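Engineer: This is the structure I have questions about; it appears just below.
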Amino acid sequence: MKIGKLTSINYSQLKVKISSGIKGSSVNLQGEIYYFGNIGSYLKIKNAIDETIICEVVSIFDSDIHQEKLSFDIESNRELLLKPIGNINKEKFTLGIGIFPALYSDVSIVTREDMEIILNIKDEEVSEQTEIHSSFHLGISKNLINYSIDINIDNFFNIHSAILGNSGSGKSNTIAHIVQEIHKKEGYSAIGSKILIFDVNGEYKQAFKSNDNINVVCYKPNINESTGGYKPFYLPHFLLSIEEWSAFLMATDVTQRPFWSKVLQESYRFYKIGSTSNDEQEKFINYLKYKIQILILSALRQADSDTARLTTAASMLGSILDIITKLNIIKNAKDGLIKDISSLQEACFISYGANSGKLEEQLKIFSKNIKNEIVQEVENQKIKDGEFFDYKFLKIAVDLVLLEEEARGNKQVRGFVATMLTRVDYFLENSDCAFMRNSKNLNSVDNFLESLWGEGDKTQLVIIDTSELSPDILETLTSVTARLLFDKRRGLQGDKRTENPIHLILDEAHRYIKKDYKYTLQENVFEKIAREGRKFSFYLLVSSQRPSELSETVLSQCANFIIHRIQNEKDMHYIQAILPYFSEDFTNKIKQSIPGEALVFGNCVSMPLHLRIEQADPEPHSKNCEISKEWFKDKGKNK
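Quick note on the UniProt record's numbering: the sequence shown kicks off at 1 and runs consecutively.
This is the structure:
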């Protein structure tokens, strides 16, 4: 239906004069009411090659106020300014304008049929009874009043996406609504989905408590048993790589990381031999004897006098004896070793300032039964990422490696690693790390992943409530879990890579994917997933209230954006820098949005859309506190 004529053309704006026969700001077209006279509504104009130019209303004014001589008169004072958006050619919409319409071209209403072409949303029928769904309902258009906006599932979920906005702007509701919509589908239901939410504020469990169409498992670290709908979550220490250990312990690359690498190797050897048969324990005794021999020989070479050498040797033997006493795993075989060490201690005496080689002689007796081939066999047992060992050996291994370093003359080693060892004590003793110490029958990466997704991989949604974790432990949990899932996907070959895709929803992502942050990790795993994840059907949905604090690498790899209200200028400038096609019009819409409204653009929509996101049902636990209701109460009922 024609509503006016094009009266002025420039590159970024078109001016339209409304026909005098059009009263008000709406028209009835085949029983449908269309609103065209409001800011943000759509109109269309044909060009010379029969393309349909889609435009957005950006300004409305009266020509009596806007003084300008017109080339013709259609007896109306009302005028509109339009911004060209894109064009429809052969039933296909594309952004941008090639050939502009001619002056005095007719201007018409954009109908629902036009919007179907623009959004390109249709369900693909498979049979009379079932259908593979190609879209999900996101919300109601703010441009085309009461028009329902559906989003193409493939275009939204087959690339990384971001949901941004201030606190209270509706991000949690948007995430909950999208996941709910996907799992409301009938017929072919989304039983093949795999979604993991890192729930930093503990709000998403409530949104999925009554959905029978989805298998949901909710986890929480540091609880001893299932409670309040949560199951205990365990991330055993042995799943951490050396880089992740270094990050958790805040270890420096130069000194502390090589030290910790040795500690892990010794812990693994202690576990590997100590957890086997008595015959294997003899190998451990042989290995310990070799270590003692090397330590004493190093001590004897370091000092200049017998007194200094023997004092150092006696001190080391006392420390070694303490270590062995703690090793309950070799209690059946350590008695003889303790006796041999006692003999060495007795040889550390001085008579008239000399030892007369007594310690060296006793050391030869001690060492004569050491089998070097067995020592080599033990040293060849090196830990691999994800291989099980008992964390209880870490402290003993630390003591042994410290002795080795000091025996080599590195007298400052304890000072160099003091801060890291404080973090080791934190891991070993603090209740915040209990979920990392308790393996709960998990002894491999595959075992952990099977436990995460549940028996038979039948779980569609996993929620990990991390609301009670400190920032450093939160970063460890999210990074390690994401890395294990990603490594598993990278091991797939051929068509397996596109089967069973995984989507990570990163709530409050700025807390663990930081911009300009000096990660102890050589490479932040989320940046790696952002760059490579698509190849392995591993996708991120990043949610943040502070986009300016997010990693540029992660945000720049997102191809879909749902942006709620953002009023911080720093955040707005950051978004504009990351997204070069972001215009001043978008900035104004975002700043003026009320909670629940958002601007959507990217691969998932043919053109930027301003809409009101549907309310999740049930809602996540993210509502604001009603202060007045909580403050003002009946005194009689409050006793």
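Don't be surprised by glycine CBs; every beta carbon is placed ideally from N, CA and C.
All of these numbers come straight from a predicted model, not from anything done at the bench.
1) I believe Ile39 touches Ile18 by the beta-carbon criterion, under 8 angstroms. Please report the beta-carbon distance rounded to the nearest angstrom.
2) Looking at the strands, I want to know which residues DSSP matches up with Thr227.
3) When the Cβ atoms of the stretch 160-168 are set against those of the stretch 564-571, are three or more pairs found closer than 8 angstroms?
4) Helix or strand or just coil, what does DSSP make of Ile323?
5) At 4 residues or longer, and completely inside the stretch 455-530: list those alpha helix (DSSP H) runs for me, N to C.
6) Please report how far the alpha carbon of Asp465 lies from the alpha carbon of Lys205, in whole angstroms.
7) Give a yes or no on whether the C-beta atoms belonging to Arg414 and Glu404 are separated by under 9 angstroms.
8) Between the stretch 300-310 and the stretch 413-428, can you find at least three pairs of beta-carbon atoms closer than 8 angstroms?
9) To test your reading of the DSSP string, which unbroken alpha helix (DSSP H) runs of 4 or more residues are found completely within the stretch 360-418?
10) Using beta-carbon positions only, say whether Ser12 and Pro84 come within less than 9 angstroms of one another.
11) Going by DSSP, name the residue or residues bridged to Val542.
12) Going by DSSP, what residues sit across from Leu196 in a beta bridge?
13) Pro84 bridges to which residues according to DSSP?
14) Name the DSSP beta bridge partners of Leu611, please?
15) Touching or not, the stretch 230-241 and the stretch 485-497, by the rule of three or more beta carbon pairs under 8 angstroms?
16) Give me the Cα-Cα distance between Leu264 and Ala251, rounded to the nearest whole angstrom.
17) Going by DSSP in three states, Thr94 sits in which element: helix, strand or coil?
18) Can you give the Cα-Cα distance for Glu532 and Phe486, rounded to whole angstroms?
19) Identify which residue in Ile109, Ala598, Phe93 has its Cα closest to the Cα of Glu116.
20) Helix or strand or just coil, what does DSSP make of Gly4?
21) Assign Ala313 to buried or exposed, taking buried as 16 or more other Cβ atoms, counted over all protein chains shown, within 10 Å of its Cβ.
22) Using only the alpha-carbon positions, how far apart do Ala176 and Lys209 sit?
23) Just to confirm the assignment, what range does the alpha helix (DSSP H) spanning Glu243 have?
24) Do Glu387 and Lys283 count as a contact pair if the criterion is CB distance below 9 angstroms?
25) CB Ile338 to CB Asp399, shorter than 9 angstroms?
26) Just to confirm, are Asp106 and Ile88 a CB contact at a threshold of 9 angstroms?
27) Give me, in chain order, the residues of the same chain whose beta-carbon lies closer than 6 angstroms to that of Phe416; leave out the 5 immediate sequence neighbours on both sides.
28) Just the C-alpha distance for Met572 and Ile54, rounded to the nearest angstrom, thanks.
29) Would you identify the three-state DSSP class for Tyr268, choosing helix, strand or coil?
30) Is the beta carbon of Asp199 closer than 9 angstroms to that of Ile463?
31) Label Trp631 either buried or exposed according to how many other C-beta atoms from any shown protein chain fall within 10 Å of its C-beta, with 16 as the threshold for buried.
32) Measuring only the C-alpha atoms, how far is Ser622 from Glu203?
33) If you run the structure through DSSP and keep just helix, strand and coil, what is His66?
34) Could you compute how far the alpha carbon of Glu584 sits from the alpha carbon of Lys185?
35) If you reduce the DSSP assignment to three classes, tell me which class Val424 lands in.
36) On the criterion of 16 or more Cβ atoms from any shown chain inside 10 Å, does Tyr104 qualify as buried, or is it exposed?
Structural biologist: Inspection of the coordinates gives the following:
1) By 1-based counting over the sequence shown, the position of residue 39 is 39. By 1-based counting over the sequence shown, the position of residue 18 is 18. The Cβ separation is near 15 angstroms, so there is no contact.
2) Here residue 227 corresponds to residue number 227 of the sequence shown, with the count starting at 1. Thr227 pairs with Tyr230.
3) yes
4) Taking the first residue of the sequence shown as position 1, residue 323 is located at position 323. Residue state, collapsed to three classes: helix.
5) 471-490
6) Sequence index remark: in the sequence shown, residue 465 carries index 465 (1-based). Sequence index remark: in the sequence shown, residue 205 carries index 205 (1-based). Roughly 8 angstroms separates the two Cα atoms.
7) On the sequence shown, residue 414 is found 414 positions in, with the first residue counted as 1. On the sequence shown, residue 404 is found 404 positions in, with the first residue counted as 1. Not a contact, by the Cβ cut-off of 9 angstroms.
8) no
9) 372-379, 394-407, 413-416
10) Locating residue 12 in the sequence shown gives position 12, where the first residue counts as 1. Locating residue 84 in the sequence shown gives position 84, where the first residue counts as 1. Against a cut-off of 9 angstroms, the Cβ pair of Pro84 and Ser12 comes out as a contact.
11) Position 542 of the sequence shown, counted from the first residue, corresponds to residue 542. Note: Val542 sits in a beta bridge opposite Ala162, Leu506.
12) In the sequence shown, residue 196 corresponds to position 196, counting from 1. Bridge partners of Leu196: Val462, Leu504.
13) Residue numbering aside, residue 84 sits at position 84 when the sequence shown is read from its first letter. Cys55.
14) Counting from one through the sequence shown, the residue named residue 611 turns up at place 611. Answer is Ser141, Ala598, bridged to Leu611.
15) no
16) The residue you call residue 264 lines up with position 264 of the sequence shown. The residue you call residue 251 lines up with position 251 of the sequence shown. Between Leu264 and Ala251, the C-alpha separation is close to 14 angstroms.
17) Working through the sequence shown from its first residue, we reach residue 94 at position 94. Strand.
18) Residue numbering aside, residue 532 sits at position 532 when the sequence shown is read from its first letter. Residue numbering aside, residue 486 sits at position 486 when the sequence shown is read from its first letter. For Glu532 and Phe486, the distance between alpha carbons rounds to 10 angstroms.
19) For this step, residue 116 is matched to residue 116 along the sequence shown. Of the listed residues, the one whose Cα sits closest to Glu116 is Phe93.
20) Taking the sequence shown and counting its residues from 1, one reaches residue 4 at position 4. Three-state result, Gly4: strand.
21) Here residue 313 is taken as the residue at index 313 of the sequence shown, counted from 1. Buried, because 16 or more other Cβ atoms sit within 10 Å of the Cβ of Ala313.
22) Taking the first residue of the sequence shown as 1, we reach residue 176 at position 176. Taking the first residue of the sequence shown as 1, we reach residue 209 at position 209. Spanning the two alpha carbons is a distance of roughly 12 angstroms.
23) Against the sequence shown, residue 243 aligns to sequence position 243. Start and end: 242-249.
24) What you label residue 283 is simply residue 283 of the sequence shown in a count that begins at 1. What you label residue 387 is simply residue 387 of the sequence shown in a count that begins at 1. Contact flag unset, no.
25) For the purposes of this step, residue 338 is taken as the residue at position 338 of the sequence shown. For the purposes of this step, residue 399 is taken as the residue at position 399 of the sequence shown. No, Cβ-Cβ distance for Ile338 and Asp399 is not below 9 angstroms.
26) Here the question's residue 106 lines up with position 106 in the sequence shown. Here the question's residue 88 lines up with position 88 in the sequence shown. No, they are not a contact pair.
27) Along the sequence shown, one-based indexing puts residue 416 at 416. Excluding sequence neighbours, Phe416 sits near Thr255.
28) Here residue 572 refers to the residue found at position 572 of the sequence shown. Here residue 54 refers to the residue found at position 54 of the sequence shown. Their backbone Cα atoms lie some 27 angstroms apart in a straight line.
29) Your numbering for residue 268 matches position 268 in the sequence shown. Of the three classes helix, strand and coil, the one that applies to Tyr268 here is helix, per DSSP.
30) As a position in the sequence shown, residue 463 is number 463, starting the count at 1. As a position in the sequence shown, residue 199 is number 199, starting the count at 1. Yes, these two residues count as a Cβ contact at 9 angstroms.
31) Counted from its first residue, the sequence shown places residue 631 at position 631. Burial call: exposed.
32) In the sequence shown, residue 622 corresponds to position 622, counting from 1. In the sequence shown, residue 203 corresponds to position 203, counting from 1. So the alpha carbons of these two residues sit roughly 6 angstroms apart.
33) Translated into positions along the sequence shown, residue 66 becomes position 66. Reliability fails at His66, whose pLDDT of 48 lies under 50, so the model's placement of it is uncertain and no value is given.
34) Mapped onto the sequence shown, residue 584 falls at position 584. Mapped onto the sequence shown, residue 185 falls at position 185. Spanning the two alpha carbons is a distance of roughly 38 angstroms.
35) Residue mapping note: residue 424 aligns to position 424 of the sequence shown, counting from 1. In the structure shown, Val424 sits in a helix (DSSP, three-state: H, G or I).
36) Taking the sequence shown and counting its residues from 1, one reaches residue 104 at position 104. The residue in question, Tyr104, is exposed, as its Cβ has fewer than 16 Cβ neighbours within 10 Å.
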